[in-house]
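Take the sequence shown: its position 69, counted from the start at 1, is 69 in the working numbering, and no numbers get skipped. No residue lacks a Cβ here, since even glycine has one placed at the ideal position from N, Cα and C. As the structure is a computational prediction, the values presented were derived from the model and not from experiment.
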Amino acid sequence: MKDPERHKFLSEQARIYRKLIDTLEETHPGLGDLSPEGNHPLAFQSRQLLNYRQSLKTVLDFIAALEDE
C-alpha cells in the first residue's frame, strides 16, 4: 500500500458512515424497507439512509483500490 495515511482516513470515514447507518436503522426500525421517494413521514430519513449506504460503498471501493496498489 502506497498511502497508509489515506487508508487510515478512508477507514475512519467508513466507520463514521457505518455508525450513521446503524443509528438510523436503530432509531427508525424498518426504515430500509421504505421507499425514499414520495412524501411519507420518514421519506427524509429514508433518503438519508440511502445516501449514507451509497457513500459507504464509495469509500469502501476507494479502500479496495488503495489496497490493490
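Under 8 angstroms between C-beta atoms of residue i and residue j
i	j	result
leucine 31	glutamine 45	yes
isoleucine 21	arginine 47	no
leucine 42	histidine 28	yes
C-alpha distance - residue i paired with residue j, whole-angstrom precision
i	j	result
leucine 10	tyrosine 17	11 angstroms
aspartate 33	lysine 19	19 angstroms
arginine 66	glutamate 5	The identity of residue 66 in the sequence shown is leucine, whereas the question assumes arginine. Their Cα atoms are separated by approximately 11 angstroms.
phenylalanine 62	glutamate 25	25 angstroms
threonine 23	glutamine 13	15 angstroms
Whole-angstrom C-beta distance between residue j and residue i, which should lie under 8 angstroms
i	j	result
lysine 2	glutamate 69	5 angstroms
First and last residue of the uninterrupted alpha helix (DSSP H) at residue i
i	result
aspartate 68	43-68
proline 4	4-27
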